[in-house]
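See structure below.
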Amino acid sequence: MKYFKLINGGTYHIDEFEERTNKESLYYQNGSKYALCPTCGSSIQLIGGE
Numbered sequence: 058m059k060y061f062k063l064i065n066g067g068t069y070h071i072d073e074f075e076e077r078t079n080k081e082s083l084y085y086q087n088g089s090k091y092a093l094c095p096t097c098g099s100s101i102q103l104i105g106g107e
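In our numbering, the protein residues as written are 58 to 107.
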């Protein structure tokens, strides 16, 4: 999955994660990165990048 969605509704490329989330605790938990699936809205864990 190359894209993710934030609670504000914006959809972004995975390489923009840190810039778009400002490393807020809502998206960073226990060293892992979380966001929403842009298609179904379910929570997803981001692993890697391009």
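Note that CB positions come from ideal geometry on N, CA and C, so glycine has one too. Please read these numbers as outputs of a predicted model, since none were measured by experiment.
- For Thr78, no beta strand (DSSP E) encloses it; the enclosing alpha helix (DSSP H) starts and ends at Phe74 to Thr78.
- Secondary structure of Ile64 (DSSP, three-state): coil.
- The C-alpha of Ser82 lies about 17 Å from the C-alpha of Glu73.
- Setting aside the 5 residues that flank it on each side, Tyr60 is surrounded in the same chain by Thr68, Tyr69, His70, Ile71 and Pro95, each with a C-beta closer than 8 Å to its C-beta; the list follows chain order.
- Apart from the 5 residues on each side of it in sequence, Gln102 sits with its Cβ closer than 8 Å to the Cβ of Ser89, Lys90 and Tyr91 in its chain, given in chain order.
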